[in-house]
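Engineer: Be aware that the sequence shown starts at -10, since it is given in our numbering, and climbs by one per residue.
Heads up, the beta-carbon is just placed ideally off N, CA and C, and yes, glycines get one too.
As the structure is a prediction and not an experimental result, all values here were calculated from the model.
Please find one structure pasted underneath; my questions will follow.
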Amino acid sequence: MHKLDLFLSNKALENTDPEWNPQFGAELIFWGVVRKIEKGKIIKGIEYSSYEDMAYKIAKNMSDEAFTKFGDHNAKIIHRIGFVPVCKPSVVLRVSTPHSKSSYQLSEWYLDKIKNTLPIWKKFI
């Protein structure tokens, strides 16, 4: 069993209630927040854009690949689109797995895939 939900949103990201699953004993939540300094320069925020249709197709492939590598899990990615100011979250990743070690490994794997595979681009403002 594996599931990945991807949401691209132009609304502010907020904390959500846990989504407990009786099969999983570990849930990890990662918040990615816009930093004030990027590449040595002070910024006001980041403007995100995406190719949404392709992002959803790639997310399905990511989910299948993650299942092959890590086994049973649930994951949710919520990524902001549009302008995100400094000190505000641009991405939330929630991962549930049977055990804590696999939650950390899977979270790191998904974060790498988000940055390097999903068609989401950023422009420093």
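When DSSP builds the beta bridges, which residues end up paired with residue 110?
Structural biologist: According to DSSP, which records beta bridges pairwise, residue 110 is partnered with 38.
Engineer: Buried or exposed: where does residue 35 fall if 16 or more other Cβ atoms within 10 Å of its Cβ makes it buried?
Structural biologist: Burial call: buried.
Engineer: DSSP on residue 105, reduced to helix/strand/coil?
Structural biologist: Three-state result, residue 105: helix.
Engineer: Let me make sure I understand the geometry here. Which of 25, 66, 77 has the alpha-carbon closest to that of residue 84?
Structural biologist: Of the candidates 25, 66, 77, the one whose C-alpha sits nearest the C-alpha of residue 84 is 66.
Engineer: Below 8 Å on the Cβ atoms is my guess for residue 37 versus residue -5; work out the distance and round it to an integer in Å.
Structural biologist: With a Cβ gap of about 14 Å, residue 37 and residue -5 do not count as contacting.
Engineer: Sort 52, 74, 75 by Cα distance to residue 64 and report the nearest one.
Structural biologist: Looking at the Cα atoms, 52 is the closest of the given residues.
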